[in-house]
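Counting from 1, one number per residue, gives the positions in the sequence shown under UniProt numbering. Backbone N, C-alpha and C fix where the C-beta goes; we use that ideal spot for every residue, glycine too. Take a look at the structure below.
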Amino acid sequence: MTDLEIAKAATLKPISEIAKQAGLHEDQIEMYGNYKAKVNLKSQRNVDFGDHKLVLVTSINPTPAGEGKSTVLVGLGDAMNQLNKQTMIAMREPSMGPVMGIKGGATGGGYSQVIPMEDINLHFTGDIHALTSAHNTLMALVNNYLQHGNILNLDPRRIIWNRVVDVNDRTLRQVITGLGGITKGIPQESSFDITAASELMAILCLASDLSDLKSRISKIIVGYTYDKVPVSVGELGFEDAITILLKDAFKPNLVQTIAHTPTLIHGGPFANIAHGCNSVIATKTALQLSQYTVTEAGFGADLGAEKFLDIKRPVLGKTPDAVVIVATVRALKYNGGQSVKELTTENIEALTNGLPNLQRHIQNIQSYELPTVVAINRFTSDTDAELELVKEYCESQGVTAVVTESWGKGGNGTLDLAAEVIKLADSNFEFKQLYNDDDSIETKINKIVKNIYHGKSVTFSKKAQTQLKGFKKNGWENLPVCIAKTQYSFSDDASKLGAPTDFNVEIREFIPKMGAGFIVALAGNVMTMPGLPKKPAALNMKIDADGEITGLF
Numbered sequence: 001m002t003d004l005e006i007a008k009a010a011t012l013k014p015i016s017e018i019a020k021q022a023g024l025h026e027d028q029i030e031m032y033g034n035y036k037a038k039v040n041l042k043s044q045r046n047v048d049f050g051d052h053k054l055v056l057v058t059s060i061n062p063t064p065a066g067e068g069k070s071t072v073l074v075g076l077g078d079a080m081n082q083l084n085k086q087t088m089i090a091m092r093e094p095s096m097g098p099v100m101g102i103k104g105g106a107t108g109g110g111y112s113q114v115i116p117m118e119d120i121n122l123h124f125t126g127d128i129h130a131l132t133s134a135h136n137t138l139m140a141l142v143n144n145y146l147q148h149g150n151i152l153n154l155d156p157r158r159i160i161w162n163r164v165v166d167v168n169d170r171t172l173r174q175v176i177t178g179l180g181g182i183t184k185g186i187p188q189e190s191s192f193d194i195t196a197a198s199e200l201m202a203i204l205c206l207a208s209d210l211s212d213l214k215s216r217i218s219k220i221i222v223g224y225t226y227d228k229v230p231v232s233v234g235e236l237g238f239e240d241a242i243t244i245l246l247k248d249a250f251k252p253n254l255v256q257t258i259a260h261t262p263t264l265i266h267g268g269p270f271a272n273i274a275h276g277c278n279s280v281i282a283t284k285t286a287l288q289l290s291q292y293t294v295t296e297a298g299f300g301a302d303l304g305a306e307k308f309l310d311i312k313r314p315v316l317g318k319t320p321d322a323v324v325i326v327a328t329v330r331a332l333k334y335n336g337g338q339s340v341k342e343l344t345t346e347n348i349e350a351l352t353n354g355l356p357n358l359q360r361h362i363q364n365i366q367s368y369e370l371p372t373v374v375a376i377n378r379f380t381s382d383t384d385a386e387l388e389l390v391k392e393y394c395e396s397q398g399v400t401a402v403v404t405e406s407w408g409k410g411g412n413g414t415l416d417l418a419a420e421v422i423k424l425a426d427s428n429f430e431f432k433q434l435y436n437d438d439d440s441i442e443t444k445i446n447k448i449v450k451n452i453y454h455g456k457s458v459t460f461s462k463k464a465q466t467q468l469k470g471f472k473k474n475g476w477e478n479l480p481v482c483i484a485k486t487q488y489s490f491s492d493d494a495s496k497l498g499a500p501t502d503f504n505v506e507i508r509e510f511i512p513k514m515g516a517g518f519i520v521a522l523a524g525n526v527m528t529m530p531g532l533p534k535k536p537a538a539l540n541m542k543i544d545a546d547g548e549i550t551g552l553f
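Listed below in structure tokens is the structure:
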């Protein structure tokens, strides 16, 4: 059976029952049909997290073979509930870009899924559409400001706020707007990002309440004056209007797994071009309501986990009590040089050559001194010899590796991992920061590249060097850094698989995200507007006269 067929065969409970199971009262939820609800802000309590545990699920670098991070995440949450540990799951919202492109949705798979998966993977409750509208409304308001007086002397050539759309459309990466005469606006170069890269997405995911949301929006830098002075949304007076457009999207979404584990899905920044974590407000809500919260970071640990620990953790006010690194035999063999077509064939040599990729992710999490376990997401083609090799290798690195079968068995296939996570979450540890808050931007980037990517050096383009001088002048030099780079490699070159060394990372440009509270550093040729593949997933999707969907994964 396909993921969609399994999801459709599942029996859903009314979302009101799931809310009650999670400890939410009727006045704390807003129904979106029978199986989805918004958790309103009345659910926020000033509760010390105390002994409530947070489990972070991350993975090795993603490959065409797939790692199944979200599938393991869901299976783990289900398994922990089976072991009588009250558990909630906190996940990111899927973007239409990957769903229509090549990666697919983000609701898990097999018998470890969040449902209704077709709703969640498509329009869901409209959060991402609201973000898209709010972002583009701000752009319209800025252009209108330029057209009617421009009192602050904004330079049309230095507008850094662009437009977004929630689909991969490479033709929109660079555009010219305002053509057609003086009544049509001021001609200027502009661009589109995918909505997941919008600063509003990051703000929604980092804001602690509605007032903080508005405050952060007011700090967004939309551009610079002719004298190169930054201009914020607050100076233009648009923060209330944009906050109003996001007031409902700011509320976390409640759904359920096939096994009826309460799940909050909220916010969807990508970890390669943004900070890659679901919302702070959803994670806090889950932590307050449950004994254990299982959450995720985007893509590999070099991107998602680093950004969770260095950007989200300080705002959340809670450090993960245990970290799960998801790996597969297939992906490790791919990192070891085996072709995609041959990954179902046993190859001890390729697996051995690919293990350093896993070792580096283990080492990185250990550098934060966090309790760590490796989840080997088993595929039917994996042999006992291959699985045993990975387990023995992990032992040599000082961590336990547990084989999971989340896709085919749901929580039942993830019980051993759940038991190990529960044990680890009770460990005593002292979190070690990667960099100091008062380190310069250059120092922070160098520490990430050398300690997490294990590169040799960092270089900055002339444009990046000029920007750094401006940041120091504006007092932005000590903000956290969000490096945007390829997810497929530790380096900024997607073709360098495994565990490359002796490489340089080039920072070509910076984007100040004052509302989000960090500086984005663009490395290599990473794109903030991806493109669709030659044969996008959209080609496989069908809908019949009764509205039944097939081909969605």
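Asked                                                                                                      : Found
Contact the segment 485–493 vs the segment 313–330: 3+ CB pairs below 8 angstroms                          : no
Candidates R163, A274, N144 and N428, of which the one nearest F308 by Cα                                  : A274
Presumed contact (8 angstroms Cβ cut-off) between T295 and L54, rounded CB distance                        : 7 angstroms
Of the residues S440, A259, V142 and A484, the one placed nearest S406, counting alpha carbons only        : A259
Backbone secondary structure at residue 562 - three-state DSSP                                             : Residue 562 lies beyond the stretch modelled for the chain, which goes from 1 to 553, so this question has no answer here.
Beta strand (DSSP E) runs contained entirely in the segment 99–179, provided each spans 3 or more residues : 112–115, 154–159, 163–165 and 175–177
Cβ-Cβ distance between R170 and P530 below 9 angstroms                                                     : yes
Secondary structure of F308, DSSP reduced to three states                                                  : helix
Sheet register partners of M31 (DSSP bridge)                                                               : A37
Expected contact under 8 angstroms - CB spacing of Y292 and Q86 to nearest Å                               : 7 angstroms
Euclidean distance between Cα positions of K472 and D248                                                   : 37 angstroms
Length of the line joining the Cα atoms of I445 and F503                                                   : 14 angstroms
Per-residue DSSP class, three states only, for K214                                                        : helix
Pair within 9 angstroms by beta-carbon distance, R158 and K228                                             : yes
Of the listed residues G547, D544 and I15, nearest to L264 (C-alpha basis)                                 : I15
N-terminal and C-terminal residue of the beta strand (DSSP E) that D193 is part of                         : F192 to I194
Spatial distance of G524 from G33 (CA atoms)                                                               : 44 angstroms
Buried versus exposed, by CB contacts within 10 Å (16 or more), A545                                       : exposed
A516 in three-state terms, based on DSSP                                                                   : coil
Where N347 falls: helix, strand or coil (DSSP)                                                             : coil
Pick from T225, A134 and S208 that is closest to L154, judged by C-alpha positions                         : T225
Pick from T63, R92, N61 and D212 that is closest to L73, judged by C-alpha positions                       : R92
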